[in-house]
Amino acid sequence: MYKVGNYKEQDDTTLIRLAQRGDEKAFEEIVNRYSNRIINLAVKIMGSTDDGWDIAQEVFISIWKNIRSFDSSKTLYPWIRKITVNACYEELRKRGRRVESSLDDVEDGEPSIDIPDDKYSPEDAFDKIELNEVIEKALETLPEHYRITLWLRVVENLTYEEIAETLNINIGTVKSRINMARKLMRDRLKYYLEVKDDPS
Amino acid sequence: MHDVIVVGAGPSGSSSALFLTRRGLDVLIIEKKRLPRYKVCAGGTSRYIFELLDVPPECFDAFSIEKVKVCYGDRVKEYNLPSNSIFTLHRDQFDYRLTQLACQGGAKLVEGEETIGIEEENGSLTVKTNLGHKFRGRYLIGADGIGSKVARFIGGRFNYRVPLAIQKDIPYRNPEPAISLFMGLVSMGYGWIFPKNNTLSIGLGAYAFSPKKMPEVLSRLLKDFDHRDIPILAHPIAFYRGKKKLATRNIILVGDSAHITDPFSGEGIRNAVKSAKIAEETILECIKKNRPLSIYTEKLYSIMARELFLAWMISGVFYRFQDKIFNLMDRFDMGTILSNLLNEKTSYSQLLKKLLRIIPFGLL
């Protein structure tokens with residue numbers, strides 16, 4: 002077995018080759034290195050923290066299952082990103098059949114249920130909301146294919162070609178989705194932008 | 003004015019109060035119920051927790067567990083536990099005793115009063131209760147559980163899907179000192195029978211599973227017991243879901259208020275007490291150096307976040323492939339793994355590597 006001193010100092014190619022030989026420390030370093038990006042991407046695509054975390058579990062299982070077939074001369078993250086996006090799409094397809102836990106459904110738990118109240122939204126907390134939070138909220142309201150495409154473009158900073166490759170769609174579709182997503186975002190942020198622009 | 007006001011007398015609040023009174027601080031605990039009060043909890047604890055508290059398990063009437071049985075359908079795998087490594091306890095007694103110890107050390111207790119408001123003025127905090135009382139403190143510890151009002155006050159947003167635990171506590175004389183864990187009942191979760199002193203706690207914890215269907219699944223574990231007049235009680239579980247704001251310059255969140263329950267085991271008490279210890283250290287350091295408590299968030303996550311994240315990843319493998327994992331259990335000693343995890347002798351990082359060694363490529 003190839004001996005490695007510090008896994009944190011290894012580049013992706015080395016880690017992949019080690020992980021392909023079953024080196025679990027190399028795999029853990031891959032998990033460490035990409036967990037935040039995977040969770041952030043999945044949370045944004047799914048539009049919920051819970052779903053993003055669920056997807057991250059699947060993504061890491063999928064990486065472990067498939068890493069031996071990965072071409073180690075290629076860059077790792079685009080492959081991981083593609084797995085993540087595909088896992089999100091798969092989950093969104095299944096969504097109609099999914100059972101969501103709702104605390105309202107609990108019947109017998111009187112003495113001990115102490116539940117966060119989603120409706121709680123103190124007026125004074127509004128001042129703390131940052132612009133990026135407003136943008137994120139608007140982004141969450143976009144239909145999923147617009148949201149995912151725009152996110153890959155703006156935050157993941159992918160080219161149109163890379164987006165097309167990740168989502169298995171043609172470049173024309175990527176362009177039209179991004180144009181539409183931008184238009185929808187402008188509409189959703191209209192009120193906020195007007196308030197921001199108001200000099201009074 | 004009190005040095006510290008603790009809102010909530012659960013494991014994290016009462017242990018925070020205990021730790022801080024030991025350091026000579028003036029601590030006030032405000033608890034909305036009168037103690038002792040019942041809490042739905044499997045009550046699993048480990049020697050590590052008692053060592054952290056520096057209080058022996060006998061003080062809480064803890065019940066020492068000698069075996070763990072892992073069940074899947076009709077199949078059972080039994081493992082011995084290292085002696086005096088895992089315990090169970092009644093939460094009403096545990097929380098009450100911890101609070102008593104804090105009070106014996108000088109903490110004051112206001113019980114049966116609910117915190118309804120917090121105000122901050124000129125560097126001090128005023129806590130208002132539903133009975134119209136006001137209490138002033140320099141620092142505040144939010145230990146008021148998963149729906150924490152203190153967390154809302156500081157703007158910590160925890161809008162997550164909440165896993166649920168349901169349980170029946172059945173009176174039972176001299177139970178066998180063996181915990182039973184049931185796999186294969188729900189897709190993401192497990193069932194349990196935890197013996198305690200004169201009680202069996204029989205429960206089910208599940209994530210992304212219909213709460214309406216949970217009692218039906220639980221009934222499979224209850225079939226051999228007379229439980230007709232005993233209600234099923236439920237409790238949401240405050241799983242970790244990424245980093246959030248856990249402190250301001252004079253307020254800290256601990257335990258379930260901070261959403262740091264272990265997503266693999268569902269165990270909440272250990273991290274509750276750990277967070278109380280970190281709160282104690284942070285408050286003392288900040289008093290000494292006259293610094294804001296805000297450093298607590300980073301301090302806590304630097305100790306816990308990595309492990310909590312890996313616990314979530316491992317639970318993904320463990321619970322999604324329960325049948326395969328159960329079959330592989332001959333290759334590892336689940337008793338030792340559980341005992342070491344709960345006693346922090348094994349990290350989730352080590353467990354992940356162990357699982358990856360055991361689980362071949364392509365099996366999942």
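Residue numbers (the numbering used here), protein chains in the order written: chain A, 2 to 201; chain B, 3 to 366. Every residue gets a Cβ at the ideal spot worked out from N, C-alpha and C, and that includes glycine. Predicted, not measured: the structure shown is a model, and the values here were computed from it.
Let me know the secondary structure DSSP gives residue i once reduced to three states.
i                  : result
Ser-49 of chain A  : coil
Tyr-321 of chain B : helix
Arg-140 of chain B : strand
Phe-21 of chain B  : helix
Ser-113 of chain A : Note that Ser-113 of chain A scores a pLDDT of 31, beneath 50, so its modelled location is shaky and nothing firm can be said.
Ile-371 of chain B : Any property of residue 371 of chain B remains undetermined from this structure, which presents chain B solely from 3 to 366.
Phe-334 of chain B : coil
Thr-142 of chain A : coil
Ala-145 of chain B : coil
Leu-202 of chain B : strand
Tyr-74 of chain B  : strand
Lys-57 of chain A  : Checking the displayed sequence, the identity of residue 57 of chain A turns out to be Ala instead of Lys. Reduced to three states, the DSSP call for Ala-57 of chain A is helix.
Ala-210 of chain B : coil
Phe-28 of chain A  : helix
Phe-227 of chain B : coil
In the DSSP assignment, find the beta strand (DSSP E) that holds residue i and state where it starts and stops.
i                  : result
Gly-193 of chain B : 191–198
Pro-238 of chain B : 235–238
Thr-14 of chain A  : Element bounds for Thr-14 of chain A: not the beta strand (DSSP E) but the alpha helix (DSSP H), 13–21.
Pro-173 of chain B : 166–173
From which residue to which residue does the alpha helix (DSSP H) around residue i run?
i                  : result
Gln-352 of chain B : 350–360
Thr-76 of chain A  : Element bounds for Thr-76 of chain A: n/a, residue is neither H nor E.
Pro-217 of chain B : 216–224
Ala-249 of chain B : Per DSSP, Ala-249 of chain B belongs to no alpha helix (DSSP H) and is neither H nor E.
Phe-155 of chain B : 151–155
Exercise for the section: Give, in chain order, every residue of the region 302–313 of chain B whose Cβ lies closer than 9 Å to some Cβ of chain A. Expected result: Taking 9 Å as the Cβ-Cβ cut-off against chain A, the residues of the region 302–313 of chain B that qualify are Arg-308, Phe-311 and Leu-312.
Problem - Ranges of the beta strand (DSSP E) found wholly within the region 78–141 of chain B, counting only runs of at least 3 - result: 88–90, 110–113, 117–123 and 126–131
Problem - Those runs of the alpha helix (DSSP H) which lie wholly inside the region 6–71 of chain B and span at least 4 residues - result: Listed in chain order, the complete alpha helix (DSSP H) runs (minimum 4 residues) inside the region 6–71 of chain B are 13–24 and 49–55.
Handout entry: Continuous alpha helix (DSSP H) assignments of at least 4 residues falling wholly in the region 161–189 of chain A
Key = If we require 4 residues or more, the alpha helix (DSSP H) runs fully inside the region 161–189 of chain A come out as 161–168 and 172–189.
Handout entry: Chain-ordered residues of the region 240–255 of chain B with a beta carbon less than 8 Å from chain A
Key = Arg-243 and Gly-244
Problem - Selection of the region 42–61 of chain A by Cβ proximity to chain B, strictly under 9 Å - result: Val-44, Ser-49, Thr-50, Asp-51, Asp-52, Gly-53, Trp-54, Asp-55, Ala-57, Gln-58, Glu-59 and Phe-61
Practice task
Within the region 252–291 of chain B, note down every full alpha helix (DSSP H) run reaching 4 residues or more, in order along the chain.
Solution key: 271–291
Handout entry: Residues of the region 67–81 of chain A whose Cβ lies closer than 7 Å to any Cβ of chain B, in chain order
Key = Arg-69
Practice task
Indicate whether the contact test is met: 3 or more Cβ pairs, each with one atom in the region 40–54 of chain B and one in the region 334–354 of chain B, closer than 8 Å.
Solution key: Flag = yes, the region 40–54 of chain B and the region 334–354 of chain B touch.
Handout entry: Cβ pair count under 8 Å reaching 3, the region 7–18 of chain B against the region 92–99 of chain B
Key = yes
Handout entry: Cβ pair count under 8 Å reaching 3, the region 324–340 of chain B against the region 183–190 of chain B
Key = yes
Practice task
Identify each residue in the region 323–355 of chain B for which the Cβ-Cβ distance to at least one residue of chain A is less than 8 Å, and report them in chain order.
Solution key: Listed by position, the residues of the region 323–355 of chain B near chain A (Cβ gap below 8 Å) are Ser-351, Leu-354 and Lys-355.
Practice task
Using a Cβ-Cβ cut-off of less than 8 Å, give me the residues of the region 77–96 of chain B that come near chain A, in sequence order.
Solution key: none
Practice task
Evaluate contact between the region 240–253 of chain B and the region 289–308 of chain B, counting only Cβ atoms and requiring at least three cross-stretch pairs below 8 Å.
Solution key: yes
Practice task
Answer yes if the region 210–227 of chain B comes into contact with the region 164–182 of chain B, meaning at least three C-beta pairs across the two stretches below 8 Å, and no otherwise.
Solution key: yes
Handout entry: Three CB pairs or more closer than 8 Å across the region 45–65 of chain A and the region 82–95 of chain A
Key = yes
Exercise for the section: Using a Cβ-Cβ cut-off of less than 8 Å, give me the residues of the region 257–271 of chain B that come near chain A, in sequence order. Expected result: none
Problem - the region 112–129 of chain B in contact with the region 73–84 of chain B per 3-pair CB rule at 8 Å - result: Contact between the region 112–129 of chain B and the region 73–84 of chain B is absent, because fewer than three Cβ pairs lie under 8 Å.
Handout entry: Contact the region 145–162 of chain B vs the region 256–264 of chain B: 3+ CB pairs below 8 Å
Key = yes
Handout entry: Members of the region 214–242 of chain B that neighbour chain A once the beta carbon cut-off is set at 7 Å
Key = Lys-214, Pro-233, Ile-234, Leu-235, Ala-236, His-237 and Pro-238
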